[in-house]
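Residue numbers (the numbering used here), protein chains in the order written: chain A, 263 to 517; chain Y, 2 to 293. Cβ coordinates follow ideal geometry from the N, Cα and C atoms, glycine included. Please read the structure below before turning to the comments.
As structure tokens, this is what we get:
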């Protein structure tokens, strides 16, 4: 059963000090599935995403990606914290795209894309540049290789960021509100790149407010509020006939 | 182009009488001071010209320059190390760095230099190895005697550089803090280790913030070297000119000689700083041209 699961989260709790942000999240993401996480701000969507990448440490529950426990190693019924190098190795398999792009401003587009290949995977520069050029071509930026982030539009920067994550050949891609910081006319080009990626069979979890994207591309839609999952299911269905009152209230504002 | 036929505005410019009055006043004071100084016997300009290019002064200026250069070099490296330790995930490193900065920034550099001068009085030798275990006369370790004549020059450099490192650490720390947290997260999510993230992502971006105050610190260090007389090292510019003035019973012209050299060096450094800062601002405020 678990063979087909990419992400298996069971009763995840996470607090910042006394503020409990995740109050028991249980979710399953199948291989090749595209899941959209929606909900009002402060509902814990981004925090949950960051837990999957071990940027945040969970307080309780079990979080597995590709049948591997995230952040811990289990032996003799005990959990052991991972060494930094082991945690880093886990993150290579999980790509992350941020709301604010977080491109490295002192590096050109191509150098951003190959930074992980060169510094982490120690691939030689020529090979990395060939692969990186191909990735940038796929997101429609073949003519922007030598541009610094400051010279690119928000949409172009976010596509470079997607290419940078893909360069590590991840098995799972996390998107944390990838279009929220973009001017409206630039949203489409980023969503197109994501759609293309979804069609190639990538497993994706997308925190977003783009309901059109959710309806068209996602296999499942999860609505979170107040640190819990209120409802989930087929995007078309959840969007058409939300069961929960709060889902209805939220959707009426964003649709 | 009807607009171009319009003539540019020909207005009577605003007068600035106060500027002229201020200029006149300060020029007057300046000229009066110079004319007076040229004739005042205490300045003894003959002695000034005699000693300003004196070989001993020339060598002493070299000592001051080398003290500045070597001390700053060590201070920058050690300062970066302290700042990085301050941000390390290892709590021991964080505490050690905090303690070092606390001690070396919290006590006067003059007092520290006196302490370094007394090093051989406090510690007669230092020993690396396992104490108390020996086979006859063979110890498990290496023994370094600190002779009474331990190089005062190097003690001065140790004193200056460790003190300066504490200040450099704070400058580098401010630079590291200026780099957005998202940069570290992006690097981490690519699987980069903490050190790789520091070395290739955070530190290069922090440089723009670190460079300008570092220039100030170099100029400041040049002047601070005049305190090495506390060690006591007496081959630097200030101590040497004092020494000559004792010989000729006339301190003032030699003080002027020292000032002239210090001013010359700081002026050169200010020019260098101006161009280095311009260079580093270029990448940021003005758009960079791509190499297509």
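Just the C-alpha distance for residue i and residue j, rounded to the nearest angstrom, thanks.
i	j	result
residue 207 of chain Y	residue 253 of chain Y	45 Å
residue 245 of chain Y	residue 230 of chain Y	15 Å
residue 288 of chain Y	residue 400 of chain A	Any answer about residue 288 of chain Y is weak, because its pLDDT of 44 lies below 50 and its placement is not dependable; what the coordinates show is given next. Looking at the two C-alpha atoms, the distance is approximately 26 Å.
residue 88 of chain Y	residue 95 of chain Y	7 Å
residue 199 of chain Y	residue 382 of chain A	13 Å
residue 278 of chain Y	residue 196 of chain Y	27 Å
residue 41 of chain Y	residue 47 of chain Y	12 Å
residue 188 of chain Y	residue 270 of chain A	25 Å
residue 433 of chain A	residue 389 of chain A	21 Å
residue 169 of chain Y	residue 406 of chain A	38 Å
residue 286 of chain A	residue 272 of chain A	8 Å
residue 474 of chain A	residue 183 of chain Y	28 Å
residue 442 of chain A	residue 459 of chain A	19 Å
residue 76 of chain Y	residue 36 of chain Y	44 Å
residue 97 of chain Y	residue 322 of chain A	33 Å
residue 101 of chain Y	residue 161 of chain Y	14 Å
residue 515 of chain A	residue 478 of chain A	19 Å
residue 19 of chain Y	residue 67 of chain Y	47 Å
residue 509 of chain A	residue 496 of chain A	14 Å
residue 99 of chain Y	residue 82 of chain Y	12 Å
residue 9 of chain Y	residue 21 of chain Y	28 Å
residue 370 of chain A	residue 507 of chain A	47 Å
residue 511 of chain A	residue 391 of chain A	48 Å
Taking the beta strand (DSSP E) that residue i falls in, what are its first and last residues?
i	result
residue 373 of chain A	Not the beta strand (DSSP E): residue 373 of chain A falls in the alpha helix (DSSP H), residues 371-381.
residue 356 of chain A	356-359
residue 173 of chain Y	Careful: residue 173 of chain Y lies outside any beta strand (DSSP E), inside the alpha helix (DSSP H) at 153-179.
residue 580 of chain A	Given that chain A is displayed from residue 263 to residue 517, the structure contains no residue 580 of chain A and the question cannot be resolved.
Can you tell me where the alpha helix (DSSP H) with residue i in it begins and where it stops?
i	result
residue 244 of chain Y	238-249
residue 222 of chain Y	204-225
residue 282 of chain A	No alpha helix (DSSP H) holds residue 282 of chain A; the beta strand (DSSP E) holding it covers 281-292.
residue 64 of chain Y	56-87
residue 398 of chain A	387-400
residue 10 of chain Y	No alpha helix (DSSP H) holds residue 10 of chain Y; DSSP gives it neither H nor E.
residue 98 of chain Y	92-107
residue 40 of chain Y	18-40
residue 189 of chain Y	182-190
residue 516 of chain A	507-516
residue 111 of chain Y	110-118
residue 50 of chain Y	46-53
residue 311 of chain A	307-314
residue 230 of chain Y	Looking at the DSSP string, residue 230 of chain Y is not in any alpha helix (DSSP H), and its letter there is neither H nor E.
residue 424 of chain A	416-428
For residue i, which residues does DSSP report across the bridge?
i	result
residue 533 of chain A	Since the first residue of chain A shown is 263 and the last is 517, residue 533 of chain A is not available in this structure.
residue 335 of chain A	A/342
residue 298 of chain A	A/468, A/483
residue 275 of chain A	A/285, A/322
residue 136 of chain Y	Y/139
residue 267 of chain A	A/292
residue 327 of chain A	A/269, A/330
Output needed for residue i: all residues of its chain with C-beta closer than 7 Å, excluding positions within five of it in sequence on either side, in chain order.
i	result
residue 397 of chain A	375, 425, 428, 429
residue 174 of chain Y	84, 87
residue 418 of chain A	403, 406
residue 316 of chain A	332, 333, 349, 352, 353
residue 365 of chain Y	As shown, chain Y starts at 2 and ends at 293. That puts residue 365 of chain Y outside it, with no answer to give.
residue 266 of chain A	292, 293
residue 362 of chain A	443
residue 290 of chain Y	Note that residue 290 of chain Y has pLDDT 44, beneath the 50 cutoff, so the model's placement of it is unreliable and the number below is only indicative. Once the five neighbours on either side are set aside, residue 290 of chain Y has no close Cβ partner at all.
residue 453 of chain A	441, 472, 475
residue 274 of chain Y	216
Excluding five sequence neighbours on each side, which residues of the same chain lie with their C-beta closer than 6 Å to the C-beta of residue i?
i	result
residue 468 of chain A	298, 437
residue 263 of chain A	Note on residue 263 of chain A: pLDDT 46, under 50, position unreliable in the model; no value is reported.
residue 80 of chain Y	166, 169, 170, 173
residue 500 of chain A	483
residue 227 of chain A	This structure leaves residue 227 of chain A out entirely; chain A is present only between 263 and 517.
Leaving out five residues before and five after residue i in sequence, what residues of the same chain have Cβ atoms less than 8 Å from its Cβ?
i	result
residue 359 of chain A	420, 423, 424, 427, 435, 436, 437, 438, 440
residue 305 of chain A	486, 487, 488, 489
residue 293 of chain Y	Its pLDDT being 35, under 50, residue 293 of chain Y is placed unreliably by the model, and the measurement read from it follows with that caveat. The answer is none, since no qualifying residue turns up.
residue 290 of chain A	267, 269, 270, 271
residue 38 of chain Y	44
Check whether the region 274-288 of chain A touches the region 476-494 of chain A, counting contact only when three or more Cβ pairs, one atom from each stretch, lie closer than 8 Å.
Counting C-beta pairs with one atom in each stretch, the region 274-288 of chain A and the region 476-494 of chain A have three or more that are closer than 8 Å, which means they touch.
Within 8 Å, do at least three Cβ pairs link the region 175-184 of chain Y to the region 254-265 of chain Y? no
**Message:** Does the contact criterion of 3 or more C-beta pairs under 8 Å hold for the region 115-130 of chain Y versus the region 151-165 of chain Y?
**Reply:** yes
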